[in-house]
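Below you'll find the structure, written out as structure tokens, and then a few comments.
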Amino acid sequence: MSAGRDNGFPEDEYLAFFQFIYAYYKKAENKSAGYQDRFFSVGDRPVRLRFAGNGLIPALTPALAHLEIPLTNAPDLSVFLWDNVSTGTELPSIISRYLDSLGEWWIHLGKRGEINELTNERIHTAYHLGPNILSIIDLKENLAMYWVKDAQALPYYEIGSPLRTILHWWADRGAYQFIHAGAVGLAAGGVLLAGKGGTGKSTTALVCLEAGLMYASDDYCLVKTDPVPFVYSLYNTAKLRGDLDLERFPLLAPFVSNKSRLESDKAVFFLQQHFPQLVSRGFPIKAILLPLVTDQKETRLRPVTAGAVLAALAPSTLFQLPGAGSTAIKTMKKLVGQVPGYILELGTDTAKIPETILGLLSNG
Amino acid sequence: MDTLGYFNIKKPDVVHETIDGETVIVNLENGVYYSLRNSGVDIWNLIETGANFEELTAEITKRYRAAPDDISKSIRELLITLQKEGLLQVTSTRRTEGRAPQTPAGYKKIKFELPVLEKYSDMQELLLLDPIHEVDEDGWPNKVEDGGQTNVGGQG
Numbered sequence: 038m039s040a041g042r043d044n045g046f047p048e049d050e051y052l053a054f055f056q057f058i059y060a061y062y063k064k065a066e067n068k069s070a071g072y073q074d075r076f077f078s079v080g081d082r083p084v085r086l087r088f089a090g091n092g093l094i095p096a097l098t099p100a101l102a103h104l105e106i107p108l109t110n111a112p113d114l115s116v117f118l119w120d121n122v123s124t125g126t127e128l129p130s131i132i133s134r135y136l137d138s139l140g141e142w143w144i145h146l147g148k149r150g151e152i153n154e155l156t157n158e159r160i161h162t163a164y165h166l167g168p169n170i171l172s173i174i175d176l177k178e179n180l181a182m183y184w185v186k187d188a189q190a191l192p193y194y195e196i197g198s199p200l201r202t203i204l205h206w207w208a209d210r211g212a213y214q215f216i217h218a219g220a221v222g223l224a225a226g227g228v229l230l231a232g233k234g235g236t237g238k239s240t241t242a243l244v245c246l247e248a249g250l251m252y253a254s255d256d257y258c259l260v261k262t263d264p265v266p267f268v269y270s271l272y273n274t275a276k277l278r279g280d281l282d283l284e285r286f287p288l289l290a291p292f293v294s295n296k297s298r299l300e301s302d303k304a305v306f307f308l309q310q311h312f313p314q315l316v317s318r319g320f321p322i323k324a325i326l327l328p329l330v331t332d333q334k335e336t337r338l339r340p341v342t343a344g345a346v347l348a349a350l351a352p353s354t355l356f357q358l359p360g361a362g363s364t365a366i367k368t369m370k371k372l373v374g375q376v377p378g379y380i381l382e383l384g385t386d387t388a389k390i391p392e393t394i395l396g397l398l399s400n401g
Numbered sequence: 130m131d132t133l134g135y136f137n138i139k140k141p142d143v144v145h146e147t148i149d150g151e152t153v154i155v156n157l158e159n160g161v162y163y164s165l166r167n168s169g170v171d172i173w174n175l176i177e178t179g180a181n182f183e184e185l186t187a188e189i190t191k192r193y194r195a196a197p198d199d200i201s202k203s204i205r206e207l208l209i210t211l212q213k214e215g216l217l218q219v220t221s222t223r224r225t226e227g228r229a230p231q232t233p234a235g236y237k238k239i240k241f242e243l244p245v246l247e248k249y250s251d252m253q254e255l256l257l258l259d260p261i262h263e264v265d266e267d268g269w270p271n272k273v274e275d276g277g278q279t280n281v282g283g284q285g
């Protein structure tokens with residue numbers, strides 16, 4: 038579980054803080070004449086997103102569209118979401134001023150956005166500078182809140198991979214592990230693509246998609262290690278950067294979702310809208326591949342130790358998730374011990390990349 | 130730097146796991162991670178039990194074939210490096226319950242290889258920055274320059 042530091046503050050103060058902010062969510066709901074509920078199957082559990090106002094719905098739901106399910110009465114997690122601009126509301130001024138001060142005095146913020154003073158075992162709070170997203174969860178009641186000032190100002194990476202912090206906190210409690218990895222394969226089994234940014238995860242995932250493999254992730258997903266290693270898709274998003282990348286993927290190029298912002302942002306694609314038959318909600322994990330860009334023509338697989346896989350998977354996951362620590366690395370250790378690991382030496386003849394992965398899957 | 134007292138892994142900021150003869154250590158405070166192999170794995174696992182310098186040296190000497198002075202010098206250097214990197218705390222009393230595991234009599238010693246702490250600082254940018262942080266501006270397949278790996282502590 039995500040470890041809350043013991044600040045020595047009474048439990049009821051954390052609960053009062055949660056209720057205080059929730060009262061402002063309710064104000065936003067009242068001002069917007071109600072709420073809109075959307076349900077998603079995350080991992081294999083139902084999650085409810087309750088939006089006050091319409092500002093955040095078009096920003097946050099496309100990436101999750103492949104997981105959408107009909108109304109359910111028993112969500113495992115309920116998230117209350119609002120922005121001030123579309124609801125015509127404000128955060129309490131004391132909180133608003135506090136968040137502004139974190140922007141100037143970011144040394145008081147944990148390295149991964151944690152607000153340690155507002156975090157204990159039950160209540161976790163994080164504030165992400167830049168997009169300025171406030172995330173709070175009550176892990177006992179499985180209730181969470183997600184706030185931004187202006188939904189229109191959300192950056193492409195939040196639109197592409199929304200609610201990472203809240204989903205990580207919740208997943209951590211429920212036997213899933215949020216990880217930084219791509220995932221492609223077949224319904225019967227596929228591979229994780231691990232490694233820091235720039236190693237070729239996205240490209241590998243997309244050449245596999247264009248070759249007809251199932252696509253579960255290019256960046257973030259959930260995994261489970263029991264009873265068998267299994268990856269669950271979170272986002273049906275793909276991202277590319279630069280004209281060269283767009284030329285490389287002619288099938289995708291017409292479907293950029295953020296054409297007007299390509300000067301500053303990566304191109305974001307929502308695959309569920311254009312290739313729903315290739316978007317997977319998950320599959321068993323047969324191997325973990327560490328993509329490596331090379332100048333050679335051929336794509337090759339080179340076996341690698343479990344330690345090397347852990348070093349590729351764990352730091353880039355842990356450094357992005359508020360509160361992730363010893364439990365997360367233990368789960369990742371278990372996972373890398375369950376399946377073989379390979380360096381995937383990416384050849385310049387990219388058509389051979391999916392063939393190589395399919396060859397591995399058919400031998401496994 | 131201190132080799133007196135008992136060594137403790139700095140929790141919760143430092144997390145670690147050992148698999149297949151390699152220990153991966155992650156410092157969540159600064160975004161740096163490390164790898165230890167060979168005798169370094171044994172030394173790290175003994176540190177986790179709260180051992181002091183004498184206990185570490187005694188145990189490693191029972192497990193590895195080398196001049197005791199060489200082993201003791203290597204352990205001292207590794208401990209100093211681990212402290213410099215902010216991975217260990219030193220306390221005057223043992224914090225961990227129990228004692229360091231005892232190597233059984235008659236244990237077949239293996240050749241001692243210097244413990245090398247490999248340090249990786251290529252992911253520090255993930256902390257507090259744009260979390261989507263991928264290929265360089267020219268797009269794939271242009272490599273992003275690797276932040277690089279170094280051996281620290283002058284032992285490698």
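Protein sequence lines, in the order shown, are assigned to chains Y and B.
Here the numbering used here is used: the first residue of the first sequence is 38, the next is one more, and so on.
Here the numbering used here is used: the first residue of the second sequence is 130, the next is one more, and so on.
Beta carbons are placed, not taken as given, at the ideal position from N, Cα and C, and that holds for glycine.
Quick caveat, the model's predicted, so the values are computed rather than measured.
Give the residues of chain Y in contact with residue i, contact being defined as C-beta atoms less than 7 Å apart.
i               : result
I148 of chain B : A343, G344, L347, K370, V373, G374
Quick one: which chain B residues come within Cβ less than 8 Å of residue i?
i               : result
I366 of chain Y : V144, H145, E146, V153, V155
L355 of chain Y : V144, V155, L157
Whole angstroms are fine: how far does the CA of residue j sit from the CA of residue i?
i               : j               : result
Y51 of chain Y  : E154 of chain Y : 9 Å
R337 of chain Y : L118 of chain Y : 45 Å
H205 of chain Y : L114 of chain Y : 12 Å
Y162 of chain B : Q212 of chain B : 14 Å
Y193 of chain B : P266 of chain Y : 37 Å
V143 of chain B : L157 of chain B : 6 Å
R159 of chain Y : Q73 of chain Y  : 27 Å
G344 of chain Y : G150 of chain B : 8 Å
L175 of chain B : N179 of chain Y : 39 Å
D386 of chain Y : K237 of chain B : 50 Å
V264 of chain B : G237 of chain Y : In this predicted model, V264 of chain B has a pLDDT of only 35, less than 50, meaning its place in the structure is not dependable; the value taken from the coordinates is given anyway. Distance between the alpha carbons of V264 of chain B and G237 of chain Y: 8 Å.
P129 of chain Y : G140 of chain Y : 17 Å
W184 of chain Y : I170 of chain Y : 6 Å
T178 of chain B : V116 of chain Y : 42 Å
A348 of chain Y : G160 of chain B : 13 Å
R285 of chain Y : R223 of chain B : 59 Å
T124 of chain Y : A70 of chain Y  : 10 Å
S317 of chain Y : L133 of chain B : 56 Å
D49 of chain Y  : Q253 of chain B : 36 Å
C258 of chain Y : I216 of chain Y : 6 Å
L281 of chain Y : L308 of chain Y : 20 Å
I174 of chain Y : G235 of chain B : 54 Å
If I'm right that residue i touches residue j with Cβ under 8 Å, what's the distance once you round it to whole angstroms?
i               : j               : result
K240 of chain B : T279 of chain B : Wrong, their Cβ atoms sit about 25 Å apart, outside the cutoff.
F76 of chain Y  : T109 of chain Y : 5 Å
L185 of chain B : I204 of chain B : 5 Å
L327 of chain Y : I380 of chain Y : 5 Å
T126 of chain Y : K63 of chain Y  : At roughly 10 Å, the Cβ-Cβ gap does not stay under 8 Å, so T126 of chain Y and K63 of chain Y are not in contact.
D209 of chain Y : T354 of chain Y : No, D209 of chain Y and T354 of chain Y are not in contact; Cβ-Cβ is about 11 Å, not under 8 Å.
G150 of chain Y : Y135 of chain Y : Rounded, the Cβ-Cβ distance is 14 Å, inconsistent with contact.
L100 of chain Y : Y213 of chain Y : The sequence given here has Ala at residue 100 of chain Y, not Leu. Not really, about 18 Å apart at Cβ, beyond 8 Å.
Y252 of chain Y : V221 of chain Y : 6 Å
I172 of chain B : I189 of chain B : 6 Å
Would DSSP call residue i helix, strand or coil?
i               : result
F54 of chain Y  : helix
L118 of chain Y : strand
N280 of chain B : strand
P129 of chain Y : coil
E146 of chain B : strand
G344 of chain Y : helix
Q309 of chain Y : helix
D49 of chain Y  : helix
F136 of chain B : strand
P414 of chain Y : Missing from the structure shown is residue 414 of chain Y; chain Y here goes from 38 to 401 and no further.
D238 of chain B : Going by the sequence as given, residue 238 of chain B is Lys instead of Asp. In this structure, K238 of chain B counts as coil in the three-state DSSP scheme.
Answer with buried or exposed for residue i, where buried requires no fewer than 16 other C-beta atoms within 10 angstroms of its C-beta.
i               : result
L104 of chain Y : buried
Q189 of chain Y : exposed
N181 of chain B : buried
R201 of chain Y : buried
F46 of chain Y  : exposed
D332 of chain Y : exposed
D256 of chain Y : buried
A242 of chain Y : buried
W142 of chain Y : exposed
E335 of chain Y : exposed
Interface residues of chain B around residue i at Cβ under 7 Å?
i               : result
P352 of chain Y : V155, Y162, M252
K233 of chain Y : D251, M252
Using the beta-carbon of each residue, which ones in chain Y are nearer than 9 Å to residue i?
i               : result
E183 of chain B : Simply none; closest approach about 28 Å.
Which residues in chain Y sit within 8 Å of residue i, going by Cβ to Cβ distance?
i               : result
E158 of chain B : K148
Counting contacts by CB-CB distance shorter than 8 Å, is residue i in contact with chain A?
i               : result
F307 of chain Y : No chain A is part of this structure, whose protein chains are labelled Y and B.
Any heavy atom of the ligand PLP closer than 7 Å to the CB of residue i?
i               : result
T240 of chain Y : The ligand content of the structure shown is nil, which means the ligand PLP is not present either.
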